[in-house]
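For reference, the structure discussed in these notes is given below.
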Amino acid sequence: MPVEPLIGTGSAVLGPGRGRRRSLEAAVLNGGRLDHYRRLIDRPDRWWVHAGVISEDAVAPAALALIEAALYARVVESGGERTYRFFDTGWQAADAPTTWPSSRPEPPPREALGLAEGSVAVVCAFDADWPQALVEIDGSLYGYQQRPDGHWRRASCLQVAAEPFVEATFSSTRLAQVTGELDATATPWGERVPTLSRSQSSAGIRGTDLGVLFQHDGRQFLLFGDTHWGRPWLALRDSIAEVVTDSGLPEVTFHGSPLRLRGGRATMGEYDVPLDAASVDGQLYGFFSSNHGRNRQVMGRSVVARCVDPHLPIDPDRRHRPIRFDVLGTLSELHFINVSAQLRPASAVPGAGGEGEVLLLWGTGSYRSSEVRLAMLDAAALARLAALRAPVATAELGLRYWDGHGWSGEEADAAPLFSPGAYGELSVRWVAEVGRYALLLASGPGDAAGTAITLRWADHPQGPWTPRRRLWDWVAQGMSSDPFTRFIKSSPDDAVAEAIFPAQ
3 MPVEPLIGTG SAVLGPGRGR RRSLEAAVLN GGRLDHYRRL IDRPDRWWVH
53 AGVISEDAVA PAALALIEAA LYARVVESGG ERTYRFFDTG WQAADAPTTW
103 PSSRPEPPPR EALGLAEGSV AVVCAFDADW PQALVEIDGS LYGYQQRPDG
153 HWRRASCLQV AAEPFVEATF SSTRLAQVTG ELDATATPWG ERVPTLSRSQ
203 SSAGIRGTDL GVLFQHDGRQ FLLFGDTHWG RPWLALRDSI AEVVTDSGLP
253 EVTFHGSPLR LRGGRATMGE YDVPLDAASV DGQLYGFFSS NHGRNRQVMG
303 RSVVARCVDP HLPIDPDRRH RPIRFDVLGT LSELHFINVS AQLRPASAVP
353 GAGGEGEVLL LWGTGSYRSS EVRLAMLDAA ALARLAALRA PVATAELGLR
403 YWDGHGWSGE EADAAPLFSP GAYGELSVRW VAEVGRYALL LASGPGDAAG
453 TAITLRWADH PQGPWTPRRR LWDWVAQGMS SDPFTRFIKS SPDDAVAEAI
503 FPAQ
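The sequence shown maps to residues 3 to 506 in the working numbering.
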């Protein structure tokens, strides 16, 4: 039995407003319910939000139209065709407008979107100066946009097709706060205990965004993204800390100066963050996102850089001695914007060939709306990397990409390791104790798993990967009603938060 499409060629329209303050409007059929979704286009990191229900009795995708600054929907219901209009209070039945737009913007062809034949069900376009389209691919809905260079790129996910998952036997549990001065969550007896780092008094750091753990030269470190310093002129410069674990909870020591990228026209603003690091033959290589907003994309590209001083002299008192990395080249502007790295013997990687070690890179492209792919820097590429003294083109880095059957030299050939996908940040590690790779991912928009962190296992870097296991729902648990276990601000007056993001 054929599956009913979620959208039709007329199911998307540019909303009212002017310039980038306008919105993208879409009508999506979910069973018999017709849902209205909206995405603002004033900045690239806006997500699709549910704006209302148009009809509970729809039998086919709807057509939207903007007529005299009013949004209308033409809906086929079980009793015939009806017209609805969107008001401040929601959708209401209305008289049909005297005229309905007779033409629609031409949607981009499948080839321009870089999609395989047979995967695309429907493409509908927005009549904007900034060409965009909503595409249904195997039951998922993705937003695409045309970059200034003419290439179409995926830019958002409205809804990802349901994928099976199982619950973990045990969920993750909050143990302690890492950054800041005192734990924002008081103990049941009202005490606010010191954080693991006392980062504000020791290194001048109020708090940070996400962190990634790596090992180098027998030591453990954490790289942190957008970091809030007590010195406002540092803005959101990233940070690094050393982790020492003897027994019980670890001690975390932050360096008193931020990370700094040199060369390669790399930027270090919001969303420009360290992604991972790899220790190779005594050298430390870092992977960073850069150029947020480039071509109107969230996280415009990623770069690979080498640490200037691989000894990493972490000292909280060093206020004007940043840990420097020299950019060696652009890693990706397509499928590997967020990456996770793991060094492995070449003999353990199918098709790698040769001796020595290879650096595996798992990556995602368009932020929180793309699949996971695999790339590799083999022993020869790592040797070239060590010899570089100035940034080179991506093609000169020697990356090879898993195309589903073997390794290709073209990033466009990189194949998803599993589908559907709407992912951004990811973490992959070889777990020697079980002899398998572990992959952690945050679920995407409209995912059946909710706002969750999921786990997959694989014997080989390319898979096959096990069905996902939900470890925890960071809204249901992170924003729980229990003030002693939650760690995400759940309301404006919630004490579980430092005053770092007042708007949130």
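For glycine and all other residues, C-beta sits at the position ideal for the given N, C-alpha and C.
- If you draw a straight line from the Cα of LEU361 to the Cα of ARG402, it comes to about 11 Å.
- Within a 10 Å sphere around the beta-carbon of PRO318 sit 16 or more other beta-carbons, which makes this residue buried.
- For the pair of segments examined, the segment 256-271 was found not to touch the segment 27-44: the number of CB pairs separated by less than 8 Å stays below three.
- Around the Cβ of PRO110, a 10 Å sphere holds 16 or more other Cβ atoms; the residue is buried.
- Note on geometry: alpha-carbon atoms of GLY284 and SER410 lie some 29 Å from one another.
- Setting aside the 5 residues that flank it on each side, LEU443 is surrounded in the same chain by TYR425, LEU428, THR456, each with a C-beta closer than 6 Å to its C-beta; the list follows chain order.
- Contact between the segment 54-63 and the segment 379-389 is absent, with fewer than three C-beta pairs closer than 8 Å.
- Below 8 Å, too few C-beta pairs join the segment 243-250 and the segment 265-276 to call them touching: fewer than three.
- Annotation for LEU387: the continuous alpha helix (DSSP H) segment containing it runs 381-389.
- Within the same chain, and ignoring the five residues on either side of THR269 in sequence, the residues whose Cβ sits closer than 6 Å to its Cβ are SER292, ASN293.
- Separation of PHE167 and SER13 (C-alpha to C-alpha, rounded to the nearest whole angstrom) is 31 Å.
- CA-to-CA, the gap between ASP405 and ASP131 works out to about 35 Å.
- Going by beta carbons, GLY266 and VAL341 fall outside the 9 Å limit.
- Of the candidates GLY437, VAL430, GLY331, TYR86, the residue whose Cα lies closest to the Cα of PRO393 is GLY331.
- In this structure, the CA atom of ALA29 is about 7 Å from the CA atom of ALA65.
- The DSSP-derived three-state label of SER421 is coil.
- Around the beta carbon of LEU225, 16 or more other beta carbons lie within 10 angstroms, which makes this residue buried.
- The beta-carbon distance between LEU399 and VAL306, rounded to whole angstroms, is 7 Å. This is short enough to meet the 8 Å contact definition.
- One Cα belongs to ARG156, the other to PRO466, and the distance between them is close to 25 Å.
- Excluding five sequence positions before and after GLU253, the CB atoms of its chain that fall closer than 7 Å to its own CB belong to LEU198, VAL246, given in chain order.
- Here ALA414 is exposed: its Cβ has fewer than 16 other Cβ atoms, across all protein chains shown, within 10 Å.
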